[in-house]
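Residue numbers (our numbering), protein chains in the order written: chain A, 187 to 362; chain B, 1016 to 1561.
Cβ atoms here follow ideal geometry from the backbone N, Cα and C, with glycine treated the same way.
Small disclaimer: the values here were computed from a predicted structure and weren't measured.
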Amino acid sequence: MNALFQDQRDEIVNAWVEAVFNTYALETTGFLRTQNDPFANPVAHMTREAAGIVYDAVAGEDVDPAQVKKAIDRFVKLRAVQDGTPGQNLGVFLLLKPILRKMVLPRCSGSDALTSYYLEAESRLDSVMLLAFDMYTADRDIIAESRITEIRNQHAQLVRWAQKVGGSPLNPAGKE
Amino acid sequence: MAKLPTPQELVASRPDFPEQDWLDVKPQFTPGSYCYPAKKETMELLHMPNPHDWDPAAEDWNLPEDWEKILCDAFAERLEKHRSLKLFMDICVRCGACADKCHFFLGTNDPKNMPVLRAELLRSLYRRDYTMLGKILGKKVGARGWDKDVVKELFYYAYQCTECRRCSLFCPYGIDTAEITAIVRELLHEVGLGIHWIMDPVKNCSFTGNHLGIQPHSFVEIVEMLADDCETITGIRPKTPFNEKGHEILFITPSGDVFADPGIYTFMGYLMLFHELDLDYTFSTYASEGGNFGSFTTFNMAKKLNAKMYAEAERLGAKWILGGECGHMWRVINQYMATYNGPAPSCMMDVPTSPITGTKFTNAAATKMVHITEFTADLIKHNKLNLDPSRNDHIITTFHDSCNPARGMGLLEEPRYVLKAVCNNFVEMPENTIREQTFCCGAGSGLNTEEIMELRMRSGMPRGNALRYVQEKYGVNHMACVCAIDRATLPPLANYWAPGVTVSGLHELVANALVMKGECKRTMDLRQEDLPNVEPDETETQVEGQ
């Protein structure tokens, strides 16, 4: 079973990474492909980090949800703040399916066991997608909270002063 | 029969070779990608040209009727005035050295955020009117004319540049892309286009001297409140001299340190340090703002807002100015102040000299302004401060080089020297993300507004990513910086990319470690949080022993 997915691991992981890069503008893709420094090209680094573990999880390797979440955390955070609808930003995980169907599924023909194993792998990809969805919404919540916190912090001392001198309707007596 | 699209169709991976050239792809003004426009009343009060109501998301921006002539004339005027601009327009060979250095490009992957292409938005207009080839061959050589979509595009990308100048560091010709952005913003102001987050502080600064428009009496009372907090923590109430004539030093810092969390703790650090030194200084309620949002608006506005520094130093008879931890304030001082409002008043001393150590700050001879980090580093070097860095032992800190002090004035070693003296655990972020190569917080140059929070999170991603790396690898739980905008913008950035890392100014940590003469036993840090490493009192020890 493992051989089904392991034989072409690198090719499939690379194909998915390329598919993700292709969601960006043509002028950008070359840079994403060629610069390997994790700090000079963080988007590519995050994508590759996510790609490897997602593939292993889908392939049925011994990977628990916590490991998957850790590996895709930066990637999901990035997609959560980049342009595009939530569907577009998270849909990149599903770009792995056509690649699997092209490169792995044909090798299952004639074997019910292999086909069944393949279908389980696709279901695991759905699970990864659901994990990512939870993380994505949590990240969007952080953005919303940050906006509120920032507004509050900007005037924090002014509000404190207003309450002290009786400028607040909540504390007209001006007691701290 | 209708069918649902496939995920690939929904994600819309682009075709191998898009039909449109990069220059023809127009930006989408979606919420979160643009700043709110300046109010018409604000622009009128400031006598800005062509004030009007407009909405970036609307089709029609209500530009004045002769908008194209206004822009062409304004561009011509600036090309005439700034020789550097003409050079920047002419000499770029599009080598691409800057292309992948911009944090906006790295975060958005939008090709127009490559500094070379962002500048090309203006250069293409220049090419049509000022180069022979452009006049003859037009689009074939990358020339184009003005239209309303071009104006929108200029606005979109001029406010997706924080003028951090990281790209300029890598330009073999030294083209300062930040100045190109500054000129584009100036041009847009000619047709009444500005943003609220910049123009409101500019208005407030013009009328009351600080960004929030706080009146002098309130300003003083808030500072008094912070002095009370210092007393709660140390048992010593630092003095708070305001508008007093005849002191040697005028101290100016960004007002964010007085009003905003967590900047206030840095301000309390200043108060405690100056009190401990018995420094001969005064604050001013008129020059109560170090920041200069005019520098994100126009040359003349920056000049106007900067003028108060020397004017107030002269009025109060100060010999030199000590400046707090700020970012663009220092770029304005080091790169533009002498041109704007120099030379400094003749009453000021030739070379600012530390009254504590006698050190002459020759680097500040022209501006008469010394950065507080230089001042404190000099104090530590001469062993003038009693420091207990173990009070910061619960902190493993890294240092974020703020773009303007790092690249605009070369302030690289002093903050590290101070940080290492007050904190035992210091870790650098990766080499290509610090010092001259530092990544911007993602919200400088007036972009630290909440409506573009998600844009800030993606443009600040390279910084957040480097921070996350040292957090995971070395357990870093703190990031120090020397910029008020950083202190405001890095906390949400850290919370997003590296949750668990706190952010503070340098002098907050200095004051935590500072052992003041006659202070009570410190049990709290400046945030009034318990110090974890404080030994229990004797009585408590006895109780435990029994």
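_chain A within 8 Å of M1214 of chain B, Cβ atoms only_ = The sequence position of residue 1214 of chain B within the second sequence is 199, counting from 1. No, M1214 of chain B lies away from the interface with chain A (no Cβ there is under 8 Å from its Cβ).
*Within the chosen definition, does the region 1029 to 1041 of chain B reach the region 1437 to 1453 of chain B through at least 3 CB pairs nearer than 8 Å?*
no
*Kindly indicate which three-state DSSP category W1335 of chain B falls into: helix, strand or coil?*
The residue given as residue 1335 of chain B occupies position 320 in the second sequence. The answer is strand: DSSP assigns W1335 of chain B an E or B state.
_Extent of the continuous beta strand (DSSP E) run through H1415 of chain B_ = If you number the second sequence from 1, residue 1415 of chain B lands on position 400. That run of the beta strand (DSSP E) goes T1412 to H1415.
*For chain A, is any of its Cβ atoms less than 8 Å away from the one on T1312 of chain B?*
In the second sequence, the residue the question calls residue 1312 of chain B occupies position 297. Answer no: the Cβ-Cβ gap between T1312 of chain B and chain A never drops below 8 Å.
*Can you tell me where the alpha helix (DSSP H) with G216 of chain A in it begins and where it stops?*
As a first step, residue 216 of chain A is located in the first sequence; it is residue number 30 there, counting from the start. From DSSP, the alpha helix (DSSP H) with G216 of chain A extends over L212 to T220.
*Under 8 Å between C-beta atoms, does P1477 of chain B make it to chain A?*
Along the second sequence, read from residue 1 onward, the residue named residue 1477 of chain B stands at position 462. Yes, because at least one Cβ of chain A sits closer than 8 Å to the Cβ of P1477 of chain B.
*Could you give the residue range of the alpha helix (DSSP H) that holds V240 of chain A?*
Here the question's residue 240 of chain A lines up with position 54 in the first sequence. Per DSSP, V240 of chain A belongs to the alpha helix (DSSP H) from P228 to A245.
*Kindly provide the ranges of any alpha helix (DSSP H) runs that are 4 or more residues long and lie completely inside the region 1241 to 1296 of chain B, ordered along the chain.*
1271 to 1274 and 1278 to 1292
*Helix, strand or coil for M1468 of chain B per DSSP?*
Translated into the one-based positions of the second sequence, residue 1468 of chain B becomes position 453. Residue state, collapsed to three classes: helix.
_6 Å Cβ shell around C1113 of chain B - same chain, five flanking residues per side excluded_ = For the purposes of this step, residue 1113 of chain B is taken as the residue at position 98 of the second sequence. Counting only Cβ-Cβ distances below 6 Å, and skipping sequence neighbours, we find P1130, V1131, C1182, F1185 and C1186.
_Within a Cβ cutoff of 8 Å, which residues of the same chain sit near A257 of chain A, ignoring the five residues on either side of it in sequence?_
One-based indexing of the first sequence puts residue 257 of chain A at position 71. Excluding residues within five positions, the ones whose Cβ falls inside 8 Å are E235, A236, G238, I239 and V240.
_Ranges of the alpha helix (DSSP H) found wholly within the region 1050 to 1089 of chain B, counting only runs of at least 4_ = 1055 to 1060
_Within chain B, the residues that P272 of chain A reaches when beta carbons sit closer than 9 Å_ = Start at 1 with the first residue of the first sequence, and residue 272 of chain A comes out as number 86. Simply none; closest approach about 11 Å.
*Burial state of C1110 of chain B (16 or more Cβ within 10 Å)*: Locating residue 1110 of chain B in the second sequence gives position 95, counting from the first residue. Exposed.
*asked:* Taking the beta carbon of E1304 of chain B as the centre, do at least 16 other beta carbons fall within 10 Å, making it buried, or is it exposed?
replied: On the second sequence, position 289 is the one that residue 1304 of chain B refers to. The residue in question, E1304 of chain B, is buried, as its Cβ has 16 or more Cβ neighbours within 10 Å.
*Could you tell me the distance, in whole angstroms, from the CA atom of Q1175 of chain B to the CA atom of P251 of chain A?*
As a working mapping, residue 1175 of chain B is identified with position 160 in the second sequence. As a working mapping, residue 251 of chain A is identified with position 65 in the first sequence. If you take the alpha carbons of Q1175 of chain B and P251 of chain A, they lie about 37 Å apart.
*Please list the segments of the alpha helix (DSSP H) lying wholly inside the region 1338 to 1398 of chain B, counting only runs of 4 or more residues, in order along the chain.*
1343 to 1346, 1352 to 1356 and 1387 to 1396
*Among B:L1529, B:E1205 and B:K1375, nearest to D1088 of chain B - alpha-carbon criterion*: Taking the first residue of the second sequence as position 1, residue 1088 of chain B is located at position 73. Measuring from the Cα of D1088 of chain B, the nearest candidate turns out to be B:E1205.
*Shorter than 8 Å from the beta carbon of I1210 of chain B to some beta carbon of chain A?*
Taking the second sequence and counting its residues from 1, the one referred to as residue 1210 of chain B is at position 195. With 8 Å as the cut-off, I1210 of chain B does not count as an interface residue toward chain A.
*Does I337 of chain A get closer than 8 Å to chain B when you measure Cβ to Cβ?*
Counting from one through the first sequence, the residue named residue 337 of chain A turns up at place 151. It does: the Cβ of I337 of chain A has a partner Cβ on chain B nearer than 8 Å.
*asked:* I need the DSSP call for V1437 of chain B, collapsed to helix, strand or coil.
replied: If you number the second sequence from 1, residue 1437 of chain B lands on position 422. Note: V1437 of chain B maps to helix in three-state DSSP.
_Same chain, Cβ closer than 6 Å to S1417 of chain B, five either side skipped, listed in chain order_ = Position 402 of the second sequence, counted from the first residue, corresponds to residue 1417 of chain B. Within the same chain, S1417 of chain B has close Cβ partners G1342, C1496, V1497, C1498 and D1501.
*Regarding I1348 of chain B and the ligand COA, is the C-beta to nearest heavy atom distance less than 7 Å?*
The ligand COA is absent from the structure shown, which contains no ligand whatsoever.
*For the beta strand (DSSP E) that C1649 of chain B lies in, which residues bound it at each end?*
With chain B represented from 1016 up to 1561, any question about residue 1649 of chain B goes unanswered, as that position is not in the structure.
*Could you check the C-alpha separation between G1560 of chain B and I1248 of chain B for me, to the nearest Å?*
Looking up residue 1560 of chain B in the second sequence gives position 545. Looking up residue 1248 of chain B in the second sequence gives position 233. Annotation note: pLDDT 46 at G1560 of chain B (below 50); position unreliable, coordinate value reported separately. Going from the Cα of G1560 of chain B to the Cα of I1248 of chain B covers about 28 Å.
*Under the rule that 16 or more other beta-carbon atoms within 10 Å means buried, what is R1473 of chain B, buried or exposed?*
Start at 1 with the first residue of the second sequence, and residue 1473 of chain B comes out as number 458. R1473 of chain B is buried by the Cβ-count criterion.
*Below 8 Å between beta carbons: does that hold for H1067 of chain B and G1207 of chain B?*
Here residue 1067 of chain B corresponds to residue number 52 of the second sequence, with the count starting at 1. Here residue 1207 of chain B corresponds to residue number 192 of the second sequence, with the count starting at 1. Yes. Within cutoff.
*Could you tell me which chain B residues have their CB closer than 7 Å to the CB of L311 of chain A, listed as they occur along the chain?*
Here residue 311 of chain A refers to the residue found at position 125 of the first sequence. Chain B residues near L311 of chain A: none, gap ~11 Å exceeds 7 Å.
*Quick one: what's G1520 of chain B bridged to in DSSP?*
Residue 1520 of chain B sits at position 505 when you count from the first residue of the second sequence. Answer is B:C1496.
_Tell me the DSSP secondary structure of D1545 of chain B in three-state form._
Taking the second sequence and counting its residues from 1, the one referred to as residue 1545 of chain B is at position 530. In this structure, D1545 of chain B counts as strand in the three-state DSSP scheme.
*asked:* Among the candidates B:G1461, B:N1407, B:F1454 and B:L1462, whose CA atom is the shortest distance from the CA of K1435 of chain B?
replied: Residue 1435 of chain B sits at position 420 when you count from the first residue of the second sequence. Nearest C-alpha to K1435 of chain B: B:N1407.
_Alpha-carbon spacing of G1338 of chain B relative to E1429 of chain B, whole angstroms_ = Mapped onto the second sequence, residue 1338 of chain B falls at position 323. Mapped onto the second sequence, residue 1429 of chain B falls at position 414. Cα to Cα, the separation comes out at about 14 Å.
*Can you check DSSP and say which residues form a bridge with L1152 of chain B?*
Counting from 1 along the second sequence, the entry for residue 1152 of chain B is found at position 137. L1152 of chain B is not bridged to any residue.
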